[in-house]
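The sequence shown maps to residues 4 to 637 in the working numbering.
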Amino acid sequence: MASRYQDVYEGWKNDPDGFWGNAAEEIDWFTPYDKVFDADSGAYGRWFPGATCNTCYNCLDRHVERGRPGQPALIYDSPITGRKASYTYAELLDRVKAMSAVLIDNGIQKGDRVIIYMPMIPEAVMAMLACARIGAVHSVVFGGFASKELATRIDDAKPTAIISASCGIEPGRVIAYKPLLDGAIDFSTHKPSKCFIVQREEVEARLNGERDVDMLAAMDEALSSGRDVPCVPVASTDPLYILYTSGTTGQPKGVVRDNGGHMVALKWSMNAIYGIDPGEVFWAASDVGWVVGHSYIVYAPLLHGCTTVVFEGKPVGTPDAGVFWRVIAEHNVAVLFTAPTAFRAIKRDDPKGTLIADYDLGTFRTLFLAGERADPDTIQWAEEHLKVPVIDHWWQTETAWAIAANPVGLGMLPVVYGSPTVAMPGYDVQILDDAGHPVSAGTLGNIVVKLPLPPACLPTLWENDQRFKESYLTEFPGYYKTADAGYMDENGYLFIMARTDDIINVAGHRLSTGGMEEVLASHPDVAECAVIGIHDQLKGQAPCGFVVLKSGVDRDYEVIEKELVALVREKIGPVAAFKIAVTVDRLPKTRSGKILRGTMRQIADGEEYKMPATIDDPAILDEIMEALKEHGVG
Ligand code: COA
Ligand code: AMP
């Protein structure tokens, strides 16, 4: 079948309001919008102003009212605990209403922020939908972040409440969340008035008097009395959620998502990009703490009337590298979305893909990869063994859905390894040089999107319009800066090569080297430091920290290095995967004092490098090479 992509993209370009107006017909609005797009409000315009709506209504109620009450909405599969559960749309709605009742009974109101710090259990999804239902703004914090990171988010979002669980479970260890939560609240200046705790069998959290509520017990009460909590109408432009993502400093950016535009774009993406129909099973093997989890575990599949899978496990080791195939076969998954790193882990443990033959993957149609560069080896391995199309697509926390993809539902375009394919309708992607001039096809440059951004993309950062404008809109006036560098070939295929800032991507997780440097610099023995991302076979990148100790420090440097590794784990969390700290006498710098991070990375990755013309003292590069060798790197 010839792809309709070109026609659809041209159609959008010629009449963006008509395009998004059509897409908006798929959403149930309480009151209609005044116009599709108002170019005069917000930093670059706002989508569907004037409308009122409710995202939870569109995810649940309307499916229960119109033909899907008995269809599974959410399947929970937890190989790490051995538990499984399934909730129909009607059952999920009842539980979300019960959780909404608990929230409003405890004083949570429309516009209040609620932080959700949860493992991958159904209640995490219920919590997000319950907030959406009552018009509260959720902010999910990934369970792998430490107390200090949680505290930073508490102080920025100023939540009225936190919803959490007694524990998370990682292979070989149970992580009690309550001490982390209490520690974060001790650190933070802002204090939430309520904490709702889901008690899990593995750990019973001690609840603190007036502040803490046993969420499941309170929900049971609401369920048994059949509490009906109606959906609160919110403005299309009201925030649905805030999701913090790494910036260039330790202060994360609070990406704001609105209600109306978000629903319209995500609903459109399900058929056009993922080629999936209502009633089918869509599985995003990610975590609700990341944007992939927000968009494609929770909101898009439910908006579309699909069944979503909440998976609490790892691609390998829970119990083996066949678990993805078991879940696909057992739950009739049609589309799987995950990060390339998951496939690298599977390929490492089962290089010949022998475990695949144990399962009937008859319903499985397409694999989508995102979150980091998909290396051709991994794509080819997956194609060869799964015998389904493997689609790389590129997006960011900021956008909530793909900027570039191969739109399977519009008819697949030829796959070009190393490219996430073409710009999606809504995105006018261009490549500019540093002075802001367009470059020719095949030339590397800054990847930008001509304003306005399409629906679902961030309108601003939480209570920080200034940082939003400075971070994204100022450097290239009239464009959104993606902070990715790459090129576009003569067929419009995009190639994403690297970040232009200090963000690194570890196992598909976005991390700030600046944030890690702030932690290293806080160690009393450290005078100066630099963190870079070096190549890692499994995780894509891994952080590597170089430290110069203060003069006069005569403690064993190996002890200090261990303390530094422990300090990053304590302050940022295990997810930072910070394992290499290297003590050096000096850092290589330009004559103007800028640290030569690029050259250090090339040395660590064992690449050929050119001596930077501006280097102050070339001998330092040899010292770096020696120190890395001592640590088994390079
Ligand atoms: N709570 C607490 N700790 C967590 C956690 C959570 N929710 N998630 C991860 N961690 C811990 C891990 O246990 C690990 O701890 P360790 O240093 O003691 O081993 C550390 O954080 C680093 O985690 P990670 O980088 O995920 O490495 P891993 O070795 O545990 O797993 C993969 C590697 C590839 C299997 C895993 O990263 C993966 O499945 N990734 C792909 C899917 C994905 O989530 N992508 C994200 C966006 S699409
Ligand atoms: P996050 O906001 O965590 O989703 O991370 C977004 C960043 O991950 C992007 O800016 C890219 O640097 C990187 N990224 C995501 N998807 C891809 C992809 N398909 N190819 C290359 N890089 C990607």
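In this text, a Cβ means the ideal position worked out from N, Cα and C, and glycines have one as well.
Please classify H440 as buried or exposed, where buried requires at least 16 other C-beta atoms within 10 Å of its C-beta.
Counted from its first residue, the sequence shown places residue 440 at position 437. By the Cβ neighbour-count rule, H440 is exposed, with fewer than 16 other Cβ atoms within 10 Å of its own.
Closer than 7 Å by C-beta to L541: which residues in its own chain qualify, once you throw out the five before and the five after it? Chain order, please.
Here residue 541 refers to the residue found at position 538 when the sequence shown is read from its first residue. So the list reads T344, R347, A348, R351, once near-sequence residues are dropped.
Segment limits, beta strand (DSSP E) that includes Q433
Within the sequence shown, numbered from 1, the residue matching residue 433 stands at position 430. 432-435 is the span of the beta strand (DSSP E), which, as asked, contains Q433.
Does the Cβ of A104 lie closer than 7 Å to at least one heavy atom of the ligand COA?
If you number the sequence shown from 1, residue 104 lands on position 101. A104: no, Cβ never under 7 Å from the ligand COA.
When the Cα atoms are used, what is the spatial distance from Y79 to A488?
Working through the sequence shown from its first residue, we reach residue 79 at position 76. Working through the sequence shown from its first residue, we reach residue 488 at position 485. If you draw a straight line from the Cα of Y79 to the Cα of A488, it comes to about 38 Å.
Hey, is S289 close to the ligand COA, as in C-beta under 7 Å from one of its heavy atoms?
Along the sequence shown, read from residue 1 onward, the residue named residue 289 stands at position 286. For the ligand COA, at least one heavy atom lies less than 7 Å from the Cβ of S289.
Is P458 near A268, with beta carbons less than 8 Å apart?
Numbered from its first residue, the sequence shown carries residue 458 at position 455. Numbered from its first residue, the sequence shown carries residue 268 at position 265. Going by C-beta atoms, P458 is nearer than 8 Å to A268.
Going along the chain, which unbroken runs of the beta strand (DSSP E) with 3 or more residues stay wholly within the stretch 136-188?
List check, beta strand (DSSP E) in window: 140-143, 164-168, 170-173, 176-179.
Please state whether the Cβ-Cβ distance between A42 and G48 is less than 8 Å.
Here residue 42 refers to the residue found at position 39 of the sequence shown. Here residue 48 refers to the residue found at position 45 of the sequence shown. In this structure, G48 lies closer than 8 Å to A42 by Cβ.
Who are the Cβ neighbours of R685 in its own chain at under 7 Å, not counting the five residues just before and after it?
Because residue 685 is not part of the residues shown, which for the chain are 4 to 637, the question remains open.
I'd like to know whether the C-beta atoms of A426 and E493 end up nearer to each other than 8 Å.
For the purposes of this step, residue 426 is taken as the residue at position 423 of the sequence shown. For the purposes of this step, residue 493 is taken as the residue at position 490 of the sequence shown. No, Cβ-Cβ distance for A426 and E493 is not below 8 Å.
Less than 8 Å between C-beta atoms, sequence neighbours within five positions excluded: which residues of the same chain meet that for H634?
In the sequence shown, the residue the question calls residue 634 occupies position 631. Counting only Cβ-Cβ distances below 8 Å, and skipping sequence neighbours, we find I583, V585.
Can you give me the Cβ contacts of P242 inside the same chain, cut-off strictly under 7 Å, excluding the 5 residues immediately before and after it?
For the purposes of this step, residue 242 is taken as residue 239 along the sequence shown, with counting starting at 1. For P242, the CB contacts under 7 Å within the same chain, skipping 5 residues up- and downstream, are V140, V259, R260, D261 in chain order.
Measuring straight from C-alpha to C-alpha, what distance separates D20 and G45?
Taking the sequence shown and counting its residues from 1, one reaches residue 20 at position 17. Taking the sequence shown and counting its residues from 1, one reaches residue 45 at position 42. Those two C-alpha atoms are separated by around 17 Å.
Between which residues of its own chain and A164 is the CB-CB distance below 6 Å, once the five residues before and five after are set aside?
Taking the sequence shown and counting its residues from 1, one reaches residue 164 at position 161. These residues qualify, in order along the chain: I111, V117, P195, K197.
Heavy atom of the ligand AMP less than 7 Å from the Cβ of G70, yes or no?
Sequence index remark: in the sequence shown, residue 70 carries index 67 (1-based). For G70, the CB stays at least 7 Å from every heavy atom of the ligand AMP.
Within a Cβ cutoff of 6 Å, which residues of the same chain sit near Q605, ignoring the five residues on either side of it in sequence?
Counting from 1 along the sequence shown, the entry for residue 605 is found at position 602. Its chain contains Y612 as the residues whose beta carbon lies nearer than 6 Å to that of Q605, once the 5 sequence neighbours on both sides are disregarded; these appear in chain order.
According to DSSP, is Y560 part of a helix, a strand, or is it coil?
As a working note, residue 560 is residue 557 in the sequence shown. Look at Y560 here: in three-state DSSP terms it is helix.
Ranges of the beta strand (DSSP E) found wholly within the stretch 387-440, counting only runs of at least 3
Unbroken beta strand (DSSP E) stretches of 3 residues or longer found wholly inside the stretch 387-440: 393-395, 432-435, given in chain order.
Use the C-beta contact count for P455: other C-beta atoms within 10 angstroms, 16 or more gives buried, fewer gives exposed.
Reading the sequence shown from its first residue, position 452 is the one you call residue 455. With 16 or more other Cβ atoms within 10 Å, it is buried.
Proximal residues to E564 (C-beta, below 7 Å), its chain only, five neighbours per side dropped:
Your numbering for residue 564 matches position 561 in the sequence shown. Answer for E564: A584, T586, listed in chain order.
Whole-angstrom distance between R589 and W384, CA atom to CA atom
For the purposes of this step, residue 384 is taken as the residue at position 381 of the sequence shown. For the purposes of this step, residue 589 is taken as the residue at position 586 of the sequence shown. Near 43 Å, if we compare the C-alpha coordinates of R589 and W384.
Per DSSP, which residues does A533 bridge with? Please list them.
Residue 533 sits at position 530 when you count from the first residue of the sequence shown. Residue pairing by DSSP places A533 opposite F549 in a beta bridge.
Closer than 7 Å: is that where the CB of V294 sits relative to any heavy atom of the ligand AMP?
Within the sequence shown, the letter at position 291 stands for residue 294. Result yes, Cβ under 7 Å from the ligand AMP.
Which listed residue (T602, R176, K574, V393) has its alpha carbon closest to that of T341
Within the sequence shown, numbered from 1, the residue matching residue 341 stands at position 338. Of the listed residues, the one whose Cα sits closest to T341 is V393.
Less than 8 Å separating the beta-carbons of L77 and V128?
Within the sequence shown, residue 77 is the residue found at index 74, counting from 1. Within the sequence shown, residue 128 is the residue found at index 125, counting from 1. In this structure, V128 lies closer than 8 Å to L77 by Cβ.
Identify which residue in G511, I535, F498, L570 has its Cα closest to the Cα of S525.
As a position in the sequence shown, residue 525 is number 522, starting the count at 1. For S525, the closest alpha carbon among the candidates G511, I535, F498, L570 is that of L570.
Rank Q9, G292, L389, Y490 by C-alpha distance to the C-alpha of W328 and give the top, closest one.
For this step, residue 328 is matched to residue 325 along the sequence shown. Residue L389 is the option with its Cα nearest to W328.
With three or more beta-carbon pairs closer than 8 Å as the criterion, would you say the stretch 546-562 touches the stretch 519-534?
Taking 8 Å as the limit for Cβ pairs, the verdict is that the stretch 519-534 does touch the stretch 546-562.
Using only CA atoms, which one of P591, A154, R230 lies nearest to F101?
Residue 101 sits at position 98 when you count from the first residue of the sequence shown. It should be pointed out that residue 101 corresponds to Ala in this sequence rather than to Phe. Between A101 and the set P591, A154, R230, the nearest pair of CA atoms involves R230.
Bounding residues of the beta strand (DSSP E) (the contiguous stretch that carries K453):
Here residue 453 corresponds to residue number 450 of the sequence shown, with the count starting at 1. Judged by DSSP secondary structure, K453 falls within the beta strand (DSSP E) whose first and last residues are 448-453.
Considering only heavy atoms of the ligand AMP, does any lie closer than 7 Å to the CB of P410?
Translated into the one-based positions of the sequence shown, residue 410 becomes position 407. Placement of the Cβ of P410 at a distance of 7 Å or more from every heavy atom of the ligand AMP is found.
Does K597 have its Cβ less than 8 Å from a Cβ in chain B?
Absent from the structure: chain B. Only one protein chain is present.
Say whether the stretch 143-162 touches the stretch 303-320, bearing in mind that this needs 3 or more beta-carbon pairs closer than 8 Å, one atom from each stretch.
No contact exists between the stretch 143-162 and the stretch 303-320.
From the DSSP output, in three-state form, read off N57 for me.
Walking along the sequence shown from the start, residue 57 turns up at place 54. DSSP places N57 in coil when its eight states are reduced to three.
DSSP three-state label for R376, please.
As a working note, residue 376 is residue 373 in the sequence shown. DSSP, reduced to helix, strand and coil, places R376 outside both helices and strands of the structure shown, so it counts as coil.
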